[in-house]
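Residue numbers (full-length UniProt numbering): 1 to 134. Even for Gly, the Cβ is constructed at its ideal location relative to N, Cα and C.
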């Protein structure tokens with residue numbers, strides 16, 4: 001089982017989609033505050049369909065408390081600033097996947113704290129900005 005960590009997510013439907021993904025895949029979802037929406041937002045519920053009850057979701061005041069609660073798992077950050085394609089990494093149960101806020105990505109201090117081999121990128125077509133959490 002993997003952990004999916006959304007750092008200060010901003011767009012309710014994106015988080016709802018990730019809730020549905022985690023419910024179906026068995027991943028645990030962790031939301032780092034502040035959130036850009038309320039948990040009872042109708043757009044969040046609609047995107048998550050009826051999977052909210054099947055998802056394991058925790059909210060955390062900050063990234064440090066999240067990682068503490070997980071026992072400091074191996075952490076991979078998905079970022080447009082990553083030089084390593086995600087498919088070159090080997091993942092193991094218990095690993096955590098970190099995604100930044102949709103409008104700005106992960107802060108430099110979070111990325112700089114990770115070894116470069118744990119900063120991964122998703123392939124995108126030239127000229128596209130980001131897949132964000134969509």
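In terms of residue numbering, what span does the beta strand (DSSP E) encompassing residue 77 cover? 75-78
With a 10 Å radius around its C-beta and 16 neighbouring C-beta atoms as the bar for buried, classify residue 99 as buried or exposed. buried
Report the partner residues of residue 5 according to the DSSP bridge assignment. 30 and 98
Report yes or no: do three or more beta-carbon pairs, one from the stretch 2-12 and one from the stretch 29-36, lie closer than 8 Å? yes
Selection from 27, 80, 18 and 24 that minimises the alpha carbon distance to residue 47: 18
Is residue 49 buried or exposed, if buried means 16 or more other CB atoms sit within 10 Å of its CB? exposed
8 Å contact criterion, which residue 95 and residue 73 should meet: CB distance rounded: 6 Å
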